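Contents: one structure, followed by commentary.
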Amino acid sequence: MESNFFEKVFELTKQIPVGKVTSYGAIAKAIGSPKSARMVGWALNKSTIHNVPAHRVVNRNGLLTGKNHFANMNTMQELLENEGIIIQKNKIINFKECFWQPKFKT
DNA sequence: TACGTGACCCAGA
DNA sequence: ATCTGGGCCACGT
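Encoded structure:
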């Protein structure tokens, strides 16, 4: 049995549309474990460089907490800005506007 | 086998 | 408004 959690986080993250972002808690909640938001970040950390736009996943405050784990600290912000997202001081300005809620979709 | 760690979130003071 | 503490599940050593 494969790690459901890992796969779920993977799927949801890959389903994030361009120019949109989401939070770890949202993904965790979508999976069914709102309390386990920490594992979402852990899962992404395992898959940072795979084909998963982990850079579109930020914390509840819209802060790029995980940028430290990317290849380069600027990578995450650069990618998000490239998507059209406004970031300042490692924080998304129009976070609410760019927020996207993950859903289960086969 | 057991303990520690982690890209977080919520509730209380 | 800010600060502190607790909880959660899975993985690594």
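For the first sequence, the positions run 13 to 118 when the working numbering is used. We treat Cβ as the ideally placed atom computed from N, Cα and C, and that holds for glycine. Quick caveat, the model's predicted, so the values are computed rather than measured.
Spatial neighbours of THR87 in its own chain (CB-CB distance under 8 Å, excluding positions within 5 residues in sequence) are listed in chain order as HIS67, LYS79. Restricting attention to GLY37, THR34, LYS41, LEU75, the CA atom closest to the CA of ASN102 is found in LEU75. Around the Cβ of PHE116, a 10 Å sphere holds fewer than 16 other Cβ atoms; the residue is exposed. CA-CA distance, TRP54 to THR60, rounds to 10 Å. In this chain, the alpha helix (DSSP H) harbouring TRP54 covers 49-59.
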